[in-house]
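Worksheet: the structure to be examined is printed underneath.
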Amino acid sequence: VYDPFLPYKRATAKENSPITVMKDIIKQSKSRRIELVVADEDPAELRRQTDETWQVLKHAGISSNSTLIPGVDHFGVVENIIQESFQVTQIAIEMMGLNIGNIDKELKNTAV
59 VYDPFLPYKR ATAKENSPIT VMKDIIKQSK SRRIELVVAD EDPAELRRQT
109 DETWQVLKHA GISSNSTLIP GVDHFGVVEN IIQESFQVTQ IAIEMMGLNI
159 GNIDKELKNT AV
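Residue numbering for the sequence shown follows the working numbering, beginning at 59 and increasing consecutively.
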């Protein structure tokens, strides 16, 4: 199939790919933890790219994890992020060092 815009599409995809900026990410992330999440209902190519990115981070010695989120696609991840029990939300809460459970308990015990 002939597509006269294919070279531009490839160039744009390469330019926007996280792999092209990995050196900068690695350089700025020596003391950071990076969490990659990908939904199990996302396209196989997106899951492959996430794994490739994680492998690059691990090889560079960056503290990182890659988590497959079951039962959703990438839209579902965004839609469910407001749910405290959602796996991605729990990862974020843990990374921020928050203890939401205790805050919730304290609020319930506070007299108004």
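Glycine included, C-beta positions come from ideal geometry on N, C-alpha and C.
All values derive from a computational prediction rather than experimental measurement.
* Which residues does DSSP pair with residue 84 in a beta bridge? -> DSSP, once it has assigned bridges, lists no residue as partnering residue 84.
* **Helix, strand or coil at residue 93 [DSSP, three-state]** => strand
* Asked: How would you label residue 146, buried or exposed, when you count the other beta carbons within 10 angstroms and need 16 or more for buried?
  -> buried
* Asked: Can you tell me whether DSSP reads residue 123 as helix, strand or coil?
  -> strand
* Around the Cβ of residue 135, are there at least 16 other Cβ atoms within 10 angstroms (buried) or fewer (exposed)? -> buried
* Contacts around residue 95, its chain only, beta-carbon distance under 6 Å, and the 5 residues preceding and following it disregarded -> 125, 127 and 146
* Quick one, which of 108, 129, 81 and 137 has its alpha-carbon nearest residue 123's? -> 108
* To do: Could you give the DSSP three-state label for residue 134: helix, strand or coil?
  => helix
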